[in-house]
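Read the structure below first, then the notes.
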Amino acid sequence: MNDKETAAIADWSCTVNGRAVALQLPQARRLLDIIREDLGLTGTKRSCEIGRCGACMVLVDGAPVNACLMMAYQCAGRTLVTIEGIANEDDLHPVQRAFLEEGGYQCGYCTPGMIVSVKALLDAKPNPSFEEVEEALSGNLCRCTGYGGILRAVHRAIEEGQSRP
Amino acid sequence: MLLNRRNSGERWRVRPDGPGKVTGALAYLTDMDVPGALYALVLRSPHPHARIVSIHTEAARSLPGVAAVLTHADVPGLNRFGIARQDQPVFCEDRTRYVGDAVAAVAAETLALAGSALDLIEVEYEPLPIVGDPEQALLPEAPLLHPEGNILHSKSYRSGDAEAIFGQCAHVVEETYVTTRQMHAYMETEGGLFVPGPDGSLTVYAPTQHGFMDRLQLSRILAMPERRIRIVSSPIGGSFGGKDELNVQPYGSLLAMVTGRPVKIHNSRRESVRSGLKRHPMTIRMKTGTDESGRILAHRVRIVADTGPYATLGAEVLNFATEHVVSAYRFGSVDVESISVFTNNGMSGEFRGFGGNQAIFALEGQMDRLAEAVGMDPWEFRRLNMKAADEPGPFGQTIARTDGLAKVWAAAADSALWKERVHLDISENSDIISTSSATFDPKRGGGDLPLWKRTGIGAALVMHGAGLGYGIPDPSGGRLALRKDGKIEASFGFEECGQGLIATLEQMLVERFGFAAEDLRIVIGDSDAVPDSGSSTASRATSMMWKSLSLLQTPFTEKLLTEAANCCGLPVQRLRLGPGGIWDRESGERAIGYPALAERLAEPIVCEASTSYPVPDTDIVGAHYLYSYAAVVVKVEIDDLTGRIRVLRQFHAVAAGPVMNPQGYLGQIEGGSSMALGFALLEESTMAQGQYIANNFDTYLIPTIADLSGPVEVLAIEDLPDGDAYGPRGVGEIGSVGLAAAIASAVRNAAGIFIHRLPIDPALLQEVMPIGQWAVMSDER
Amino acid sequence: MQMSDAVGFSASTPTVWRPRHAEEAYRLKKQFGHDAAYVSGGTLLRTQWENGSPVPGHLIDLSSAAEWKEAGADNGTFAIGAQTTLSACRSDPQLQALYPLIVEASRSIAAPSIRNLATIGGNVSSGVGDSLPALLVYEAQLDWYDDGGERTESLEDWLRRMQDGTAQTDSLLLRVRLPLESANLDPSENLSENPSLTADPAHSFAYYAKIGRRDSFVPSAVTTALTGTIDGSGRLRRVRLAAGGGKTIPRRYPEAEARLEGKAADDRSVHLLHAILMASYTPAPDPFLSDEYRKRTAANVAASHLWRAISEFAHGKEGERCC
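Chains as they are written, first to last, in the numbering used here: chain A, 379 to 543; chain B, 522 to 1302; chain C, 54 to 376.
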């Protein structure tokens, strides 16, 4: 390897779904490729690759980010949560349960990214207005549902969140 | 009753494929990878039309890490594919005909190496004149894209002498309708994993709507017997008709067989846009005439479809459009001629609605124009002309009799939305109308709306055929078994692309037989494990599952109960199927569990059923027998400043027989209507000189949540005539067919402008200076 | 050699530099020239790379210095660090109070997840970002770092140089500065300092709109911003108008602003504004929307801003008269 390549590849560490991860990889490697290929977590999907569909949505320090746009160095030392890390140990996350009960999915390919965005929204705003829901999900495309089932799932999750002690 | 969770009660279930989807645990076929897999890329033509002078792959092949580079010389069998007609090259030999045409394919240790290898393949092209639209392709001097010419298919249907009748008509309306090249835009692109076996067999894990057809096509290409090829085709991240035809499977399969190693392909979005199918753009010219009272006497239609460079299902789509431009109404004399034309544009092919979307947009547009010419309410005009339940189908064929059309018509007429329109029309007409915009316009502004927004309400009526139609083999079937492990196994050769097939099948089994969901194992999407049920297309799967289960019910039940009676020493009449096992009607207790019963059997109990989709008694190829019906009412808002349209509210009435799965049915109508909204307002896969201008989701715009946040109500009308033996009709497509026409109707209502082209150009609706004469504050100081 | 469509950015391994100071960042850019790119959020660049633009050998990451992410009062101005994300701008309470059009513009750009990475500096540096019309009407200034160290120039001037092709490409954007005079201050405060004004209160207005081919998450076709005041006697004061959209470099419209100064706030001034924009809005070519459509959209939307302002002012006066 020449000097430029050694400079390009560096140690990278990150907390992924609660677990410390350390890898050696190119600093500009796309986070989506790290997640799907290096870590084998294929719940995060590849669809448009330019941040226009949200299928690759993950949480970095709790904020939703398109993994296809983020590079390794931008995530180094931070906390990354993918769809695989949304559920609790034994139980589904309330947002996941709401999607199941309302049928907020059809083919399911947009669903991981959608659920990540919904979780981020409700973590920040447990009782959002309709406009806030729309804004929060404006970057998540769904081709199957027409968003009807998704909105029903979000409202159920909000209601259940409000009624929990 | 409106379809929703509350009204559905216990019939609203959690889908069996749900947990995997909401946790990300479900692996799609494009997620699959194995150690030692190679990564493949396809080299496609940069030119829409070119002669190939030479191909040199030596430099690519000698790059370290490259395992294989293939061209047409490396195809052991047939270098062609196509569901109906095999005319599309796997690898082009001497000519490329569109920018997605494949010239070579590479497999390498990494994707990056494959990309580098692709760049090292030297292809010398001699660009040829580009045939950029069907009109051009039909000129005598046009380059011939195929030896037999530039026409893929033509179809005509005539009844009576329409030309002669026009002279007698009191009102005649002529219009040319143009529809857009829409893209499926499934969120999962094409791809898969191709794994050669040590015995020379091949397993293909690649999404497709018809695994058995893929197997047949690949066997021809690979020159391998079908039994050596296994296709795993599910789950699919969206298809909508776009993954029925072959796409990357030939390349993955060939590379796997040549290298002896697993090969992975996963199209980038740009690759998918470039090479994938699109909806046929159509130009539909209609001339329709009525008598004084508004009865249609003559109807003349000319359809020109741009099918791109190769056949795929272009002829079948054309047949469907031809039938549907004469659907739903009595037309008197009819003269339809349609033609599907080869061009160097992108490939057009199967797409949800299958030519019905284009046909109904045109036909419903004619109905609105005629109603106005006659001076009638547009919905009354439809009632006057729509066919009765016992009348023949579009091609004069006998069709399954239902009241569906009248019932959806009535449901729309009764809807709150349509009543709102009728009320507004009355109040508008009761004021003095002048041309000045300073007069009261009940549709303009009002309430919270600023002055420059107008609303309107419109409706459309839809009749949509299901099944492949007369003349195309349409077999189906399924299998039920009690397996050694005690599971009731239902096997169908269908695929789950999100439509809820698995959930609907589970629901049918639970409701028809009394099983519990936990008793079941549903097997689909594996050609080694399932019978051939035909393609998951044409809104046929629900009907065919229902039919197969109705054929299987008696024999399967009898076998289970007989064996159980033997095991338990109880008379068979006392026994019935139930959750967990077989139950004793008298004691009210379970007599024997399915696992226990299975253990006692020497052989598993297996029942198979064969059937086929009903066809009419006719000789017109493509004619259908079973139809679904729908009426759509929509309220839109137009912003005069920008000419842009918002859909505010939708009402759908759908008559398709009994609802098998309420959540699935609702989802299909909601989802279909969102595709129709895109078709009407947003989506155009623009091409210029055979090149795609919009090649990703930043420029190809599909609806976001903001575009679809208005309420959508779906009323399912389940009634069927006594004695109807066909059960549920499919609803996979019909939701996508009517909304565009309804939006056009609403635009006419709001803005007085007739739309004849999709997607709707906002410039047509934009006002030059829309603030008008409304003085905000005169100059008093 | 053109990369095939099938492989994007993943094939390249650029070196990533993480300078702490402006001087270091600028030095790197000068050293590597076209083979280096400043990277803020990287969202725009990554889109370009996926679409086939060449990936440079060196990325100069600008996210490392905390000072470049702060927003607040500084020396009689309001300064926003260039590396402040659009999300942070969107939710900043000071910006909402003082420069609400910047919040409005941030909300209209892309989608939340992209805004979590994308920065106001990146949006400005593109020369066509949707924040620019809002910044223009607030008479923003830009702090750059280049050969002579730090320097400040007006945004308007810089955009003019972008239009002419004379703007430097290596300069590092440090801050966007907003004059406190442009802030959305309560006009009644002015009243107490100027007892010579009539008893009728002045009405300040600020509007922003971004129009695309879809309601959300869309490249802009037309972007407009309008601020100003209607004084107690019903005359327009200090109208500021800016428009851009798509690949059109945004600019102010001084002719419109001058001709509206002191005019009665009535429908004639609305028509005047419309006519001037129709004549002078010159959009860059767009493959999807005609020039004519976009001119009309710009003129219609900007005129509707003024109409709204006048309408609100008139209603306010009526409310008074009622009592």
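Virtual Cβ for every residue (Gly too), placed ideally from N, Cα, C.
Computed from a prediction, not measured in an experiment: that's the story for all the values here.
Terminal residues of the beta strand (DSSP E) in which residue i lies
i, result
"H568 of chain B", "Careful: H568 of chain B lies outside any beta strand (DSSP E) and carries neither H nor E."
"I387 of chain A", "387–394"
"R80 of chain C", "Here R80 of chain C belongs to no beta strand (DSSP E); instead the alpha helix (DSSP H) covers 75–85."
"E416 of chain A", "At residue 416 of chain A the sequence reads Asp, which differs from the Glu that was named. It is not in any beta strand (DSSP E) - D416 of chain A carries neither H nor E in the DSSP assignment."
"V1233 of chain B", "1233–1238"
"R904 of chain B", "Note, R904 of chain B: premise wrong, no beta strand (DSSP E); alpha helix (DSSP H) at 899–906."
"I808 of chain B", "It should be noted that the sequence gives Lys, not Ile, for residue 808 of chain B. Per DSSP, K808 of chain B belongs to the beta strand (DSSP E) from 803–811."
"M745 of chain B", "Unbroken run through M745 of chain B: none, as it is neither H nor E."
"I1166 of chain B", "1165–1176"
"K423 of chain A", "Counting along the chain, K423 of chain A falls outside any beta strand (DSSP E), and DSSP gives it neither H nor E."
"R290 of chain C", "289–298"
"K785 of chain B", "784–787"
Residue environment, residue i, which counts as buried when at least 16 other CB atoms sit within 10 Å
i, result
"A1002 of chain B", "buried"
"A406 of chain A", "buried"
"P746 of chain B", "exposed"
"P340 of chain C", "exposed"
"Q194 of chain C", "buried"
"N466 of chain A", "exposed"
"T960 of chain B", "With a pLDDT of only 38 at T960 of chain B, under the threshold of 50, the placement of this residue in the model should not be trusted; the figure read from the coordinates follows. So T960 of chain B counts as exposed."
"R618 of chain B", "buried"
"S1057 of chain B", "buried"
"A1209 of chain B", "exposed"
"Q703 of chain B", "buried"
"S740 of chain B", "buried"
Terminal residues of the alpha helix (DSSP H) in which residue i lies
i, result
"G1192 of chain B", "1183–1202"
"F477 of chain A", "472–480"
"E1010 of chain B", "Premise fails: E1010 of chain B lies in the beta strand (DSSP E), 1009–1012, not in any alpha helix (DSSP H)."
"Y1134 of chain B", "Premise fails: Y1134 of chain B is in no alpha helix (DSSP H) and is neither H nor E."
"S529 of chain B", "526–529"
"Y451 of chain A", "450–453"
"I264 of chain C", "Run containing I264 of chain C: none in the alpha helix (DSSP H); it sits in the beta strand (DSSP E), 256–264."
"T205 of chain C", "Where T205 of chain C is concerned, there is no enclosing alpha helix (DSSP H), although the beta strand (DSSP E) it sits in stretches over 202–207."
"A932 of chain B", "925–934"
Strand pairing of residue i, partner residues [DSSP]
i, result
"V779 of chain B", "The partner list for V779 of chain B (beta bridge, DSSP) is empty, contrary to what the question assumes."
"S854 of chain B", "B:A819"
"C1128 of chain B", "B:L1001"
"I824 of chain B", "B:I805, B:S859"
"R736 of chain B", "In the DSSP output, where bridge partners are listed per residue, R736 of chain B has none listed."
Chain F residues whose Cβ lies nearer than 7 Å to that of residue i
i, result
"P404 of chain A", "Any reference to chain F falls outside this structure, whose protein chains are A, B and C."
Legend entry - Residue ranges of each beta strand (DSSP E) within the region 535–613 of chain B, 3 or longer: Residue ranges of uninterrupted beta strand (DSSP E) with 3 or more members, entirely inside the region 535–613 of chain B and ordered along the chain, are 559–565, 571–577, 587–591.
Inset, instruction - With 9 Å as the C-beta to C-beta threshold (strictly closer), list the residues of the region 263–274 of chain C near chain B in chain order. - result: Correct list: I264, G265, R266, R267, D268, S269, F270, V271, P272, A274.
Legend entry - Near-chain C residues of the region 437–459 of chain A - C-beta to any C-beta below 9 Å: Result list: V438, A441, P442, V443, N444, C446, L447, M448, M449, A450, Y451, Q452.
Legend entry - Members of the region 162–180 of chain C that neighbour chain A once the beta carbon cut-off is set at 8 Å: Of all residues in the region 162–180 of chain C, A163, A164, P165, S166, I167, N169, L170 have a Cβ within less than 8 Å of some Cβ in chain A.
Legend entry - Residue ranges of each beta strand (DSSP E) within the region 969–1055 of chain B, 3 or longer: Along the region 969–1055 of chain B, the beta strand (DSSP E) occurs as fully enclosed runs of 3 or more residues at 974–986, 996–1003, 1009–1012, 1041–1044, listed in sequence order.
Legend entry - Interface residues of the region 333–358 of chain C facing chain A [CB-CB below 9 Å]: Of all residues in the region 333–358 of chain C, none has a Cβ within less than 9 Å of some Cβ in chain A.
Legend entry - Within 9 Å of chain C by C-beta, residues of the region 512–525 of chain A in sequence order: Of all residues in the region 512–525 of chain A, only E512, E513, A514, L515, S516, G517, N518, L519 place a beta-carbon less than 9 Å from a beta-carbon of chain C.
Inset, instruction - Scan the region 664–701 of chain B and note each continuous beta strand (DSSP E) run of 3 residues or more that stays entirely inside, going in chain order. - result: With a minimum length of 3 residues, the continuous beta strand (DSSP E) runs that stay inside the region 664–701 of chain B are 672–680, 692–699.
Inset, instruction - Taking only beta carbons into account, state which residues of the region 1178–1201 of chain B come closer than 7 Å to chain A, listed in chain order. - result: Listed by position along the chain: Q1184, G1188, E1191, G1192, S1194, S1195.
Inset, instruction - Return the chain-ordered ranges of every beta strand (DSSP E) run that is complete within the region 1051–1121 of chain B and spans a minimum of 3 residues. - result: If we require 3 residues or more, the beta strand (DSSP E) runs fully inside the region 1051–1121 of chain B come out as 1096–1099, 1102–1105, 1111–1114.
Legend entry - Interfacial residues, the region 301–328 of chain C to chain B, with Cβ spacing under 8 Å: Going along the region 301–328 of chain C in chain order, one finds A317, A318, D319, D320, R321, V323, H324, H327 with a Cβ nearer than 8 Å to chain B.
Legend entry - Interfacial residues, the region 529–549 of chain B to chain A, with Cβ spacing under 8 Å: Cβ proximity to chain A below 8 Å picks out W533, V535, R536, D538, G539, P540, G541, K542, V543, T544, G545, A546, L547, A548, Y549 from the region 529–549 of chain B.
Inset, instruction - Closer than 8 Å, Cβ to Cβ, to anything on chain C: give me those residues from the region 423–436 of chain A, in chain order. - result: Interface annotation for the region 423–436 of chain A against chain C: E427, I428, G429, R430, G432, M435, criterion Cβ-Cβ distance under 8 Å.
Inset, instruction - Mind checking the region 1225–1253 of chain B against chain A and listing, in chain order, the residues whose C-beta falls within less than 7 Å of any C-beta there? - result: Cβ contacts with chain A come from T1225, I1226, A1227, L1229, S1230, V1233.
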